[in-house]
Amino acid sequence: MDAQIEKQETEYIVQDLLRSRNRNDIISGVCYRTSCTWVEAEYLVEKVMRNNRKFIRQETNPLRLIVSII
């Protein structure tokens with residue numbers, strides 16, 4: 026997969042993960058947007074999840090939601 030496409034897809038994947046979308050739906054979206062195989066898309070989603078684990082955990086923290094509402 027091209028580095029430019031991978032960077033764009035990473036942004037989409039992180040946003041979908043922050044919205045708590047189903048993992049299979051995210052993989053399906055990656056396949057649709059990039060015309061890659063399911064295995065390639067699954068690998069990319071796993072990679073993004075590993076590389077952005079801390080950020081995703083911070084953004085989905087319930088305490089952060091309560092503070093942002095106040």
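Residue numbers for the sequence shown follow my numbering, so the first one is 26 and each next one is one higher.
Beta carbons: idealized from backbone N, C-alpha and C, even for Gly.
Return helix, strand or coil for Cys56, following the three-state DSSP convention.
Mapped onto the sequence shown, residue 56 falls at position 31. Cys56 falls in the helix class under three-state DSSP.
So the candidates are Asp41, Asn76, Leu43, Cys56; which of them puts its Cα closest to the Cα of Met26?
What you label residue 26 is simply residue 1 of the sequence shown in a count that begins at 1. Of the listed residues, the one whose Cα sits closest to Met26 is Cys56.
Identity of the residue in Thr62, Phe80, Val73, Ser45 nearest Glu31 by Cα:
As a first step, residue 31 must be located in the sequence shown, where it is residue number 6. Cα-wise, what sits closest to Glu31 is Val73.
Rounded to the nearest angstrom, what separates Glu34 and Glu84 at their Cα positions?
Start at 1 with the first residue of the sequence shown, and residue 34 comes out as number 9. Start at 1 with the first residue of the sequence shown, and residue 84 comes out as number 59. Distance between the alpha carbons of Glu34 and Glu84 is about 19 angstroms.
DSSP on Asp27, reduced to helix/strand/coil?
Counting from one through the sequence shown, the residue named residue 27 turns up at place 2. Coil, per DSSP.
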